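Okay, so the sequence shown: first residue is -6 according to my numbering, each after it adds one.
Since the structure comes first, as C-alpha cells, the remarks are kept for the end.
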Amino acid sequence: MSPPISKSDRVYVAGHRGLVGSAIVRQLKAQGYGDVLTATHRDLDLTDQGAVRAFFAREKPAAVIMCAARVGGIVANDRYPADFIADNLMIETNTIDAAWRNGVKKFVFMGTSCIYPRDPARMPITEDLLLTGPLEQTNQWYAVAKIAGIKMAEAYRRQYGFDAVSVMPANLYGPGDNYDLEQSHVIPALIRKFHDAKVSGAGSVVVWGTGKPRREFLWVDDLAEATIFVMENYSAPELINIGSGEDISIGDLARRIAGIVGFDGRLEFDIARPDGVARRILDTTKLTKLGWRAKTGLDEGLRVAYRWFSDNVATARLGKPAAE
C-alpha cells in the first residue's frame, strides 16, 4: 500500500459544497492540512469521464475524500430513480478510476447506511451484513449505486493494490444542510416545518409516517473528524461504520425539535406516508477499537443546526443542488 497521508499532501474533497464535503473541508483546515483541493460542479462535471481524467492528471491530488453524490429524501428518490442510479454510478466510476490512474495514495469513499438490508439479521448493524438481504424500496436506487461504488473501491484494491477504503455514516445533520422539502432528510425537514409553523402561527405540523421508526443521527462535523481519522489510520478492504451509537424514534425526534424551535402546537402523524425501515442503528465497534468516538450529543447538535437555519433562513429554504 501507499505511504501514509501527511499534512503537506494535497487532499481533494469531491462535493465540497454539500453538507458532508463542507464539514470535511472545515475539519481538514482545522487539523492543519494546507493544500485542500476543491472544484465546483461548474468547474468539473464528475459525470464527464474525460473532464475527470483531465482534472486528476492536472491537479495530482495525493488523497481523495469522495463526498460528491446525487442525494435526497424519500420524495426525491421516488420521483427521480433513474437520475439517482445513473448519476451516482457515473460520478463514482469516473472518480475512482481517474484517482487510480493518476497515482492517488489514499481514496476514501463515502457510503450511506441505506446500503444495508431493510431487515438486517441483527441490530446494531455490523459491516458484514452488506448484501445479505433485500434493500429498503424507498431508496433502493441510491443504495444500489452506493453499493457499486463500495465494490468498485474494493475491486481496485484487490486487482491494482489501490488504497481505497469505504466509510458508512449514520443519518447526518448539521450546518449547511438541505432544507428544500422535496430533497431534504428528516431533521432539516422537521426544523423547517416547525420554524415555518411558529412564524405563521399554525396550530399543527404534519410529520410523515407513524413516528415509530427509530433512527441514529450523527453530527456532520463528527463525521468529518472520523473520516479524516480513517484516512490516516485505516487501510483494509472491509468497509467501516461511523455513527453516534444512539437512536431515537421519529416521534420523539419531532417533539425534541419542536421544543428547540419553540413550536407549541400539535403534531399530526400522516400514517399514509411511508415509514421506511422500523429501526436502523450501526455497530461502530470497529471504529471504536481504532480509537474514535462521536463527541456531539443530539440535543447540542439540534440546537446548533436550528441556529444555523434561523440565521440563514432566506437562502436555506432554497436548498442545495441534488448533485454536488
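For each residue, glycine too, the CB sits at the ideal point set by N, CA and C.
Values in this document were obtained by computation on a predicted structure and should not be read as measured data.
Item, Value
"Nearest-angstrom Cα separation, counted from R115 out to R150", "29 Å"
"Beta-bridge pairing of M161 - partner residues as DSSP gives them", "N234"
"Close beta carbons around L30, own chain, < 8 Å, minus the five adjacent residues each side", "R3, V4, Y5, V6, E52, P54"
"N-terminal and C-terminal residue of the beta strand (DSSP E) that E209 is part of", "207 to 212"
"Three-way DSSP call (helix, strand, coil) for A309 in this model", "helix"
"Boundaries of the alpha helix (DSSP H) in which E120 is found, first to last residue", "It is not in any alpha helix (DSSP H) - E120 carries neither H nor E in the DSSP assignment."
"Selected residue, minimal CA-CA separation from Q24, among F222, D263, A287", "F222"
"Straight-line Cα distance separating G104 from P206", "22 Å"
"Same chain, Cβ closer than 7 Å to K0, five either side skipped, listed in chain order", "G25, Y26, G27"
"Buried or exposed (CB count within 10 angstroms, at least 16 for buried), T125", "exposed"
"Continuous alpha helix (DSSP H) assignments of at least 4 residues falling wholly in the stretch -1 to 49", "12 to 23"
"Beta-carbon spacing of D186, V200 below 9 Å", "In the sequence as presented, Asp is not what sits at residue 186; that position holds Lys. Yes, Cβ-Cβ distance for K186 and V200 is below 9 Å."
"Meets three-Cβ-pair contact criterion under 8 Å: the stretch 84 to 104 and the stretch 253 to 261", "no"
"Limits of the unbroken alpha helix (DSSP H) element including M83", "74 to 94"
"Distance, A61 Cα to G11 Cα", "8 Å"
"Start and end residues, beta strand (DSSP E) containing S177", "Here S177 belongs to no beta strand (DSSP E), and DSSP marks it neither H nor E."
"Sufficient close CB pairs (3 or more, under 8 Å) joining the stretch 229 to 249 to the stretch 284 to 302", "yes"
"Distance CB(K279)-CB(E231) smaller than 9 Å", "yes"
"Stretch-stretch touch, CB-based, cutoff 8 Å, three pairs: the stretch 32 to 41 with the stretch 144 to 162", "no"
"R248 in three-state terms, based on DSSP", "helix"
"P(-3) burial status per 10 Å Cβ neighbour count (16 or more: buried)", "exposed"
"Given R266 as reference, the closest of F48, G202, K282 once Cα atoms are compared", "G202"
"Inter-residue spacing [alpha-carbon to alpha-carbon] between R369 and T119", "The requested residue 369 does not occur in the structure, where the chain is confined to residues -6 to 317."
"Contact set for S370: own chain, Cβ-Cβ below 6 Å, skip 5 residues either direction", "Residue numbering for the chain in the displayed model covers -6 to 317; residue 370 lies beyond these limits and cannot be assessed."
"Burial state of N305 (16 or more Cβ within 10 Å)", "exposed"
"Buried or exposed (CB count within 10 angstroms, at least 16 for buried), Q130", "exposed"
"Residues of its chain near V298, where Cβ-Cβ distance is below 8 Å and the 5 sequence neighbours each way are ignored", "Here residue 298 is Ala; the residue named in the question, Val, does not match the sequence. Once the five neighbours on either side are set aside, the close Cβ partners of A298 are Y166, G167, P168, D170, I180, P181, I184."
"Within 9 Å, strictly: CB atoms of N87 and D41", "yes"
"Burial state of S106, where buried means 16 or more other Cβ atoms lie within 10 Å", "buried"
"Per DSSP, cross-strand counterpart(s) of L260", "V198"
"Cα-Cα separation between V270 and A229, rounded to whole angstroms", "29 Å"
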